[in-house]
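Going by the UniProt record's numbering, the first residue of the sequence shown is number 1, and it counts up by one from there. Just so you know, even glycine gets a beta-carbon here, dropped at the ideal spot from N, CA and C. A quick note: this is a predicted structure, and the numbers were derived from the prediction, not measured.
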Amino acid sequence: MPKALASVSIATIRKWEHRMRRWMEAYRDGLNAKDAQLKVRQFSSRTYTSHRRVPETTAALLDVN
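1. If you draw a straight line from the C-alpha of Arg41 to the C-alpha of Thr57, how long is it?
2. Looking only at its own chain, which residues have a Cβ that is under 8 Å from the Cβ of Phe43, when we skip the five neighbours before and after it?
3. Would the beta-carbon of Ala11 fall within 8 Å of that of Ala26?
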């Protein structure tokens, strides 16, 4: 086991740890497997075209006249 852990980067371990936490939270909320998968996918599928770009919905909330 120590050799296996040593062969994987800390960043990869942390990435999968966060993903597994989302699965555990979904199951803790009482979701079945399919609904849990949708919830995890919804959380992790948020993509932005630029790291400096604010989504339109967020910009609309911040826009004060």
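Answer, in terms of the structure:
1. Take the alpha-carbon of Arg41 and the one of Thr57: they are about 20 Å apart.
2. Arg22
3. no
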